[in-house]
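In the numbering used here, the protein residues as written are 1287 to 1709.
By construction, the Cβ of each residue, glycine as well, lies at the ideal position given by its N, Cα and C atoms.
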Amino acid sequence: MKILVIGGGGREHAIIWKLKQNPEVKEIFSSPGNGGISESATLLPACAENDWNSYVNLVKSKKIDLTIVGPEGPLASGIVDVFKEKKLKIFGPSKECAQLEGSKIFAKNFMKKHGIPTANFKVLEHHKEALNFLANLSLTTYKFPLVIKADGLAQGKGVVICQTMEEAKTIIGEMMVKKIFGPAGKKIIVEDKLEGREVSILAFCDGQNLKILPQAQDYKRAFDQDLGPNTGGMGSIAPSPLTESQIKEIERFILQPFLKGLQNENLDYRGIIYFGIMLTENGANVLEFNVRFGDPETQVILPLIETDLLEIMEAVISQTLSKISLKILNQTAVSAVLASNGYPGKYETDKEIFGLNEIEQKENILCFHAGTIKKDGKFFTSGGRVLNIVGLGGSREEAKNNCYAALSKISFEKMQFRTDIAS
């Protein structure tokens, strides 16, 4: 079987690593891939954004049997619809379903309509309307800190927590007037900031059934002690400890209403669904949906799944997920992200990476590449998030120690990482 994986981050490297465990998989292509992926898959150049027919032609010419989409962009702009029209097999939700991530307004309205608990929110469509809302904030139930979200896709950076009126006015101006996120910030959402512990729930969905993966916790802030700006994720742990009652609450009040909502809206959702959840004093609330594998959560979840990944994906596509029994290893996985200096702002690249050979083939250690490139047999940085070092163990402490012991062997100029993942 030949497979194409679209994307070039740590998530895609983890997906390819897992797929290669199936002996039926004869060849994997990755577009655009990265330095690490180049050692286990054939790299193909990325097609121009929205030029999905180029991927169609590529798949036909290479006789590829299955395409798997990693990032949200192609899903939100309809690659799955194009492939299905051409009768080509692809894993991921349709453009209509992908609005659950592609539009925060669509997602919040979906939650409200189907009784899924989420923070109170206000949709603002114009800059003047937004300033007027802030001017009259004292007349509403909202108070600082407030969360301001760009409606569209902003590479994980379109959510800002504002502590003061000045901050709120500034970020609204940047989103709606200066258009720092382009059309994604044309409309915004203002919502209450929820307090509690954040957890990520990923599940396979075939439109009729959900199969829940080990819960994960993502560390979004750039620096230790959850300080600094939001990032795409600086580390993760799975499973994230949840009580039996918390799991039942999430299933009853979030997962079941979500599935029922899909069916009521005639949304034929087939793919992976990610629930970003805040466990508050008043119960579990949904922060966001993602319509693809989380990054960096995938890097700690896939090593814990014993069931063959390709088998699960095929069942999702054919809507036979109910026949799949997920087998989960009784282990913990901890991942720390090594990032370029300056990330998530402007960062430097093309720094040589040292020490990778010291952790290759090490038991209980995995290394998934993100922003790397391979030149003349050496690896160099090429992105903000560079590497994901994953430690496995029988306990949280053992997995964390394995992760950081391996991390200590790696270096590149001005490398930055968090020291408190899984602490």
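Of all the options the options, which has the alpha carbon lying nearest to the alpha carbon of residue i?
i: C1491; options: I1292, P1379, G1356, V1620; result: P1379
i: K1443; options: M1451, I1391, A1508; result: A1508
i: A1619; options: N1674, E1597, M1461, P1403; result: N1674
i: L1678; options: G1670, S1621, F1698, N1643; result: S1621
i: E1600; options: I1354, K1546, K1306; result: I1354
i: E1649; options: G1628, G1631, D1367, A1685; result: A1685
i: S1363; options: W1338, L1573, E1325; result: W1338
i: L1588; options: L1425, K1304, L1624; result: K1304
i: G1356; options: S1389, C1689, G1557, R1682; result: G1557
i: D1706; options: K1306, I1402, P1318, Y1505; result: Y1505
i: S1326; options: L1290, F1539, K1632; result: L1290
i: I1376; options: E1310, I1350, N1687; result: I1350
i: I1559; options: L1386, E1683, G1319, L1612; result: L1386
i: T1635; options: S1626, E1313, N1643; result: S1626
i: E1683; options: Q1617, Q1549, P1630; result: Q1617
i: G1293; options: K1306, G1319, E1313, K1312; result: G1319
i: R1483; options: L1553, L1528, G1521, P1500; result: L1528
i: Q1441; options: G1663, P1469, S1340, S1424; result: P1469
Is the Cβ-Cβ distance between residue i and residue j less than 7 Å?
i: C1653; j: I1659; result: no
i: I1474; j: I1434; result: yes
i: K1408; j: V1342; result: no
i: F1579; j: I1639; result: no
i: F1561; j: I1487; result: yes
i: A1502; j: V1577; result: no
i: A1334; j: S1317; result: no
i: L1361; j: A1384; result: yes
i: I1402; j: I1498; result: no
i: N1568; j: D1478; result: no
i: F1430; j: Q1449; result: yes
i: G1321; j: F1665; result: yes
i: G1388; j: A1436; result: no
i: L1590; j: I1563; result: no
i: D1594; j: N1308; result: yes
Using the DSSP secondary-structure output, state which residues sit across from residue i in a beta bridge.
i: C1229; result: The question about residue 1229 has no answer here: the residues shown for the chain are numbered 1287 through 1709.
i: D1478; result: L1432
i: M1564; result: E1484, N1571
i: F1654; result: N1674
i: L1329; result: S1316
i: G1293; result: P1318
i: L1410; result: I1474
i: G1521; result: A1622
i: T1705; result: Paired residues: none, contrary to the question.
i: T1606; result: According to DSSP, which records beta bridges pairwise, T1606 is partnered with nothing at all.
i: C1689; result: Paired residues: none, contrary to the question.
i: Q1503; result: I1523
i: F1539; result: Its beta-bridge partners do not exist; DSSP assigns none.
i: C1448; result: L1432
i: I1533; result: I1533 pairs with nothing; no bridge assigned.
i: L1513; result: F1509
If you drop the 5 nearest sequence neighbours on each side, which residues of the same chain put their C-beta closer than 8 Å to that of residue i?
i: Q1532; result: L1565, A1570
i: G1631; result: P1515
i: D1510; result: R1704, T1705, D1706
i: K1370; result: I1376, S1380
Identify, in the order they occur along the chain, each residue of the same chain with its Cβ nearer than 7 Å to the Cβ of residue i, setting aside the five sequence neighbours on each side.
i: T1729; result: Limits of the chain in this structure are 1287 at one end and 1709 at the other, which puts residue 1729 out of reach.
i: K1348; result: K1288, F1315
i: G1514; result: R1507, A1508
i: E1481; result: T1566
i: D1581; result: G1295, G1296, R1297, G1518, G1519
i: K1609; result: A1601
i: N1336; result: S1363
i: T1426; result: none
i: K1372; result: V1342
Compute the beta-carbon to beta-carbon distance between residue i and residue j, rounded to the nearest angstrom, for a pair I have assumed lies under 8 Å.
i: E1592; j: A1524; result: The Cβ separation is near 14 Å, so there is no contact.
i: E1358; j: L1410; result: Not confirmed; about 23 Å, so no contact.
i: G1669; j: G1657; result: 2 Å
i: K1381; j: D1367; result: 5 Å
i: N1495; j: L1607; result: 5 Å
i: H1710; j: H1655; result: In the structure as shown, the chain starts at 1287 and stops at 1709, and residue 1710 therefore has no counterpart that could be examined.
i: N1516; j: V1572; result: Contact flag wrong, Cβ pair sits at about 18 Å.
i: A1708; j: I1651; result: That pair is no contact at about 15 Å.
i: I1323; j: L1329; result: 7 Å
i: V1485; j: S1522; result: Incorrect: roughly 11 Å between the Cβ atoms, too far for contact.
i: C1689; j: V1676; result: 6 Å
Got a sec? Which residues, its chain only, sit under 6 Å from residue i by beta carbon, not counting five neighbours each side?
i: A1416; result: L1410, I1458
i: H1413; result: M1462, V1463
i: V1602; result: F1490, D1492, R1556
i: F1703; result: A1622, L1624
i: K1637; result: T1667, F1698, E1699
i: I1696; result: G1641
i: L1352; result: I1289, K1375
Against chain D, does residue i count as a neighbour if the rule is that its beta carbon must be under 7 Å from one of theirs?
i: W1338; result: In the structure shown, chain D does not exist; there is a single protein chain.
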